[in-house]
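See below for the structure under consideration.
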Amino acid sequence: MSESDSPTGLSEGTFGLARLSCFGESAFNALVRPGGEVVDISSRYSSSTALYAKWDATFDELDSVSRQARSTGVDFADYDVLPPVERPQIFCAGSNYRQHAAEMYTFNAGAYQEERLPGEKDEAFFARNSQFVTEKRAKGMPFIWLATFGSMVGPHDDIALPPVGTAHDWEAELTVVVAGGSPRMMNPDEAGLYIAGYTIGNDMHTGDLYSRTDIKWNADWIAKQQPTFKQVGPMVVPKQFFPVLGSMQIELDLNGDRMQDWPADDMIFSPEEYLAYASERVALLGGDLLMMGSPPGNGGVHGGRWLTPGDVVDIRIDGLGSQRHNVVAEDTDGRTPFFGMPPYDVCSR
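Under this note's numbering, the first residue of the sequence shown carries the number 940, and numbering increases by one thereafter.
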């Protein structure tokens, strides 16, 4: 069975790990075969912590389960698919795709345009920004911000747009699932041992909530934390099935039109380098997520086409399955924002 023939998006010889529910019953950890057969593994692994605690030994056992265990008799498509991990720390890579970073620095409004020389055309400005990205690889280091698990939803849930801001933007991203037991101060050569697998993430944000003039650092990253803004899943596919990330294409469609279509190997810093960097700053836990940054094709380079209620978002990454989301307005039960849009025109203090 090829990936294109698979109802799950999994390649033949692989399997995925999902959290499923049926008819409102309690969620359980499941192994999913390419053909859609589901094996309940909750008696062995009752939580994400247990599933990813000792990953290499767990993978060997799951590989045997995939080949031998009986399925539940209910097809994957008939389950409610939840985020594949429970209550993770979510780490988000910033400006980590070469083309995307150069596009963003060239075409996004605001502070980015302060770097444009007088009369400088887009082509020349883009070339300078591309050189800056090259220098970042040579002289810089990864950049991470945190996301809340309260912003996380599953691969088929609605995206609810909040009543504050309008520049609601997408960022389809390859997402790393961290294996347990990782040490502090890792180097990239060993960090790969603590990658359990990969899944799909959409690291959404509301762009017109970032900039503020009432604080010196002039950026408000909480604009990325709205409920439903971190869509994750449908499943985690073990790293053992992906020796080369370059074979993975990241695609996002908006109402059937392709917005993002880019190979995963255009990263400035690799997953291993990001994990090594993170291990110098925080304690990584089994089941944590690391969203690896967005490839090009965000709303800003599509004429400022932001998400609006009624849109449909489809995301796919080779070998990891797909997501589909209806975009709706958030139901606030009649409540309206007290603070609203951030100030742009007051002096910093």
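Think of the CB as a built atom: it goes at the ideal place given N, C-alpha and C, for glycine as much as any other residue.
Just so we're clear, the structure is a prediction, and the values are computed from it rather than from any experiment.
Between which two residues does the alpha helix (DSSP H) harbouring residue i extend?
| i | result |
| --- | --- |
| N1068 | D1061 to K1078 |
| A1162 | Note, A1162: premise wrong, no alpha helix (DSSP H); not H, not E. |
| F1277 | Taken as a continuous stretch (DSSP letters only), F1277 belongs to no alpha helix (DSSP H), as it is neither H nor E. |
| S987 | S987 to Y991 |
| S1121 | Segment: none, S1121 is in no alpha helix (DSSP H) and carries neither H nor E. |
Is it buried or exposed, residue i, if we count other Cβ atoms within 10 angstroms and call 16 or more buried?
| i | result |
| --- | --- |
| S982 | exposed |
| D1017 | exposed |
| D1128 | exposed |
| R958 | buried |
| V1285 | Caution applies to V1285, whose pLDDT of 42 falls short of 50 and renders its modelled position unreliable; the model cannot decide the point. |
| K1178 | buried |
| D1096 | buried |
| S1287 | Residue confidence for S1287 is low, a pLDDT of 35 falling below 50, so the modelled location carries little weight and cannot support an answer. |
| M1124 | exposed |
| V1092 | buried |
| G1273 | exposed |
| A1268 | exposed |
| A969 | buried |
| S1090 | buried |
| F962 | exposed |
| D1054 | According to the sequence displayed, residue 1054 carries Glu and not Asp. Classification for E1054: exposed. |
| I1154 | exposed |
| L1085 | exposed |
| D1147 | buried |
| G955 | buried |
| Q1052 | exposed |
| T1167 | buried |
| M1143 | buried |
| Q1070 | exposed |
| D1270 | exposed |
| G1195 | exposed |
| L1001 | buried |
| P890 | Since the first and last residues shown for the chain are 940 and 1288, residue 890 lies out of range. |
I think residue i touches residue j, with their Cβ atoms under 8 Å apart; what is that distance to the nearest whole Å?
| i | j | result |
| --- | --- | --- |
| G1308 | F1046 | Nothing about residue 1308 can be read from this structure; the chain reaches only from 940 to 1288. |
| R1151 | P1281 | 4 Å |
| V1013 | V977 | 6 Å |
| G1258 | V1176 | 6 Å |
| L1113 | A1203 | 5 Å |
| G1225 | A1118 | 6 Å |
| L1229 | L1214 | 7 Å |
| F1180 | T997 | Not quite, the Cβ-Cβ distance comes to about 15 Å (not below 8 Å), so this is no contact. |
| S1003 | P973 | Actually they do not touch by this definition, with Cβ atoms about 17 Å apart. |
| D1250 | L1193 | 6 Å |
| C1031 | I1083 | 7 Å |
| T1011 | G975 | That belief does not hold up - the Cβ atoms of T1011 and G975 are roughly 11 Å apart, past 8 Å. |
In terms of DSSP beta bridges, what is residue i paired with?
| i | result |
| --- | --- |
| Q1007 | Paired residues: none, contrary to the question. |
| C1031 | W1084 and M1230 |
| P1248 | Beta-bridge pairing links P1248 to no other residue. |
| Y1036 | M1206 |
| E1025 | Answer is none; E1025 lacks a bridge partner. |
| P1177 | G1136 |
| E1190 | D1200 and R1255 |
| A1099 | V1267 |
| N1237 | Per DSSP, none; premise fails for N1237. |
| G955 | V971 |
| T1145 | H1107 |
| D1019 | S960 |
| M1091 | K1169 |
For residue i, report the span of its beta strand (DSSP E) as first-last.
| i | result |
| --- | --- |
| H1264 | G1260 to A1268 |
| P1202 | D1196 to P1202 |
| L1184 | No beta strand (DSSP E) contains L1184, which DSSP labels as neither H nor E. |
| T1114 | A1111 to V1117 |
| Q1170 | K1169 to V1171 |
| F962 | From DSSP, F962 is part of no beta strand (DSSP E); its letter is neither H nor E. |
| F967 | F967 to V971 |
| F979 | The sequence shown places Asp at residue 979, rather than the Phe named in the question. It spans V977 to D979 - the beta strand (DSSP E) in which D979 sits, taken as one unbroken run. |
Measure from the C-beta of residue i to each C-beta in chain B and report whether the shortest distance is under 8 Å.
| i | result |
| --- | --- |
| N1035 | The displayed structure is made up of one protein chain only, and chain B is not part of it. |
The region 1132-1140 / the region 1161-1173 touching (three or more Cβ pairs under 8 Å): yes
Three or more C-beta pairs below 8 Å linking the region 1260-1275 and the region 1121-1135: no
The region 1198-1207 contacting the region 1099-1107, beta-carbon criterion three pairs below 8 Å: no
Segment contact, 8 Å Cβ cut-off, at least three pairs: the region 1228-1237 with the region 1108-1117: yes
Contact between the region 1061-1078 and the region 1027-1046 (3+ Cβ pairs under 8 Å): yes
Cβ contact check for the region 1022-1030 and the region 993-1013: 3 or more pairs under 8 Å: no
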